[in-house]
Structure formats: C-alpha cells, structure tokens
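Residue numbers (our numbering): 5 to 63. Worksheet for the structure shown next.
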Amino acid sequence: MSAETHLSEMEEELAQAVASEDYETAAWLRDQIELVRREVRVIGPPGDAPQAAYYMRRH
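What follows is the structure, given as structure tokens:
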C-alpha cells in the first residue's frame, strides 16, 4: 500500500471519527496522519528535501 493510499484511508477514518464525535480516535488519527506525512517528506525523492534545495542555492 502506498503512503498516499494509506493517508487517504486514514483521512476518511478521521472524518468518520469526527462525524461520530469520537474525538479521542480523531486526535489519534490526526497525529498518525502527521507522522506519515513527515515520514513521506523524509523519505521523499533525493534533492526534494528543503535542506538540499537550500544547499544547492548557496553553492
């Protein structure tokens, strides 16, 4: 399963949790979604990281 598919499923679950006023689950899902998004940014394609872009501009 790709990260995008996993994120989409978790976002749907988050919407359902909010709609059913299950805020504890919604908060947990929100945090998990943020973790996956961070991991995707860290593992992204080479040269895609902000640090690489900054370094390339400076040198």
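We treat Cβ as the ideally placed atom computed from N, Cα and C, and that holds for glycine.
Distance between residue j and residue i (C-alpha atoms, nearest Å)
| i | j | result |
| --- | --- | --- |
| E13 | E25 | 18 Å |
| R45 | L33 | 18 Å |
| Y27 | L18 | 9 Å |
| E43 | E16 | 20 Å |
Contact belief for residue i with residue j at Cβ below 8 Å, rounded distance in angstroms
| i | j | result |
| --- | --- | --- |
| A30 | A21 | 4 Å |
Residues near residue i in its chain [Cβ-Cβ closer than 7 Å; skip 5 each side]
| i | result |
| --- | --- |
| Q36 | M14 |
Close beta carbons around residue i, own chain, < 8 Å, minus the five adjacent residues each side
| i | result |
| --- | --- |
| V40 | A7, H10, L11 and M14 |
Same chain, Cβ closer than 6 Å to residue i, five either side skipped, listed in chain order
| i | result |
| --- | --- |
| A23 | none |
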